[in-house]
Every structure is written in C-alpha cells, then in structure tokens.
Amino acid sequence: MSLLEFDKVDKYFGETHVLKDVDLEVEEGEVCVIIGPSGSGKSTLLRCANRLEEIQDGEIRLDGTSISDPDADINHLRQRIGMVFQSFNLFPHKTALENVTLAPKKVKDLDEGVAVQRAEELLDRVGLENQAASYPNQLSGGQQQRVAIARALAMDPHVMLFDEVTSALDPELVGEVLDVMHGLADEGMTMLVVTHEMGFAREVGDRIVLMADGRVVEDSPPEQFFEDPETERGKQFLSKLF
Ligand code: ADP
Ligand code: MG
C-alpha cells in the first residue's frame, strides 16, 4: 500500500474539468516531482490532497484511509499533510519562532516550553537558528520561505506538499530553499513537489510526473524522463525547456 494514493480522481470547477481520472501513488520516503505547463492542474492536485479543494469523483487515501470522504477529520488530516506555497503567508506581527509554535500550541495543545524547544530545533534545521526573534519583514524571501517550511514541519507531517515554493524568490535565494528540501528528502520525508527547477527535479526526485490538461501524461524515473521520455508530451515539454 502506498502512503498517498490518488485513485481515479476527477475535479471540476463548475463546468471546467480540471483533474481527469488522475491515478498517482506516492510511496513512503519517495520524492515525487510534478511538472507541467501552467493550468495543467498541478496546484489543484496538491490542494485536493490537503482538502483545500473537494473532488467530485474517485478517492484520495493517506495510509489507506480516505481523505476525500466528506466525513474525514480535516483537522487531523491537515496535521499529517504539511503544505508550503509560493507565497509564504507568515503572520507578519509574529516572530519566526512564534510563527512556528503557533499551530502546535493550538492544535496539539503543547505547552509553551515544549513548543519553543521544538521550534528552535526546526529553525536550526532550516538554517535559521539566529533568526528566531526576527519578524518576517526583517527576513529575506528565502529566509521567510524556510520559516514557512519549519512551520509546516512543526506539525510532524507524514507527507509534505510543496507548490512552486521558489517561484517568487530572487534567483540568488532559490538555492537555500532547495537545499532545505534536499535535506528533508535525504532524511526520508515523503514529498510531493511541484516545481520548475529541473536541476532539483532530476537530482532529488525519485519520479517525475508530467501533467498536461488535467491528466498525468507521463510518470517516469528522472534519468528516463530527462534522457528519453516515454511519451510525445514528455518530449514536447523537454524540447521547450532546453
Ligand atoms: P497549475 O498549478 O498547473 O498551473 P491549477 O491547478 O492552478 O494549474 O489550475 C488548473 C485549472 O483549474 C486552470 O484551468 C485554472 O484556471 C482552473 N482553476 C484553478 N483554480 C480555480 C478556481 N478556484 N476556480 C475556477 N477555476 C480554477
Ligand atoms: Mg500552480
């Protein structure tokens, strides 16, 4: 059984069919990189996995349990699936440390000391041990995004979803965020990563999933995808990149 499974998932926005019969299985410890043109449904796929969007047909399962079922416990689910977006959305009037402790204190009912100690460990892990007392506007975009990753990790998720987390960053700040993600992958975190960073996809990804027009059109190991894609869509996509 895979850790995260999309089973014949269909998603509509009104009349628009945005995810079409999507099957995708992510194994524990696997880094699955999702690429594809703008509008192909990548963000929607991640958002459905976190129940930010509802699906109309099929099922999404985490550890064998349906998360798309209307009766699923959304709060419990969101604790197990962390998500980081392109826009960091940190709380502007809270320090880096407070941004990381907020949810665990509230949701997990951790006491202050335990929450602070854990947050300090996580800030250390993303290379921000000296910025705990800084406010978001005192941090660079790359630092803010690393706080956002620490904040998501604070809930001890089983799976992390990353949606173009470096797309809004100045080019010189992209590497520090990708390095943190690379480290997480090396530690065995299960990750579903939407990105345009093909170097990262190739180096860190265990699988490359190409989406086009709401469908998974290719699902290959990186070596294969980047050297000799199986599908015509894969070849087309690559030819536009290089
Ligand atoms: P990607 O992340 O691959 O760029 P998205 O998942 O954001 O693609 O979007 C897929 C399709 O769904 C697009 O056609 C987009 O216009 C549409 N879409 C996304 N979000 C909404 C929404 N909230 N309401 C209506 N249509 C949406
Ligand atoms: Mg998107």
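Numbering follows full-length UniProt numbering, with no gaps: position 2 of the sequence shown is 2.
Even glycine gets a Cβ: it sits at the ideal position worked out from N, Cα and C.
Just so we're clear, the structure is a prediction, and the values are computed from it rather than from any experiment.
- The closest CA to that of Phe-91, considering only Glu-112, Ser-134 and Gly-127, is found on Ser-134.
- In this structure, Thr-195 lies away from Leu-3, with their beta-carbon atoms at least 7 Å apart.
- The nearest non-hydrogen atom of the ligand MG is less than 6 Å from the C-beta of Lys-42.
- Residue state for Ile-67 is assigned as coil, using DSSP reduced to three classes.
- Between Gly-234 and Ala-152 the beta-carbon gap is near 30 Å, outside 8 Å, which marks them as no contact.
- Under the three-state reduction of DSSP output, Ile-35 falls in the strand class.
- Going by DSSP, Met-211 is part of the beta strand (DSSP E) stretching over 207-212.
- Taking the CA atoms as reference points, Arg-215 sits about 44 Å from Val-114.
- Per DSSP, the continuous alpha helix (DSSP H) segment holding Leu-122 begins and ends at 112-125.
- Remark: the C-beta of Val-33 is outside contact range of the ligand ADP, defined as less than 6 Å to any heavy atom.
- CA-CA distance, Met-211 to Glu-112, rounds to 43 Å.
- Counting other Cβ atoms within 10 Å of its Cβ, Gln-145 reaches 16 or more and is therefore classed as buried.
- In the three-state reduction of the DSSP assignment, Asp-186 falls in the helix class.
- For Phe-13, the shortest C-beta to heavy atom distance toward the ligand ADP is below 6 Å.
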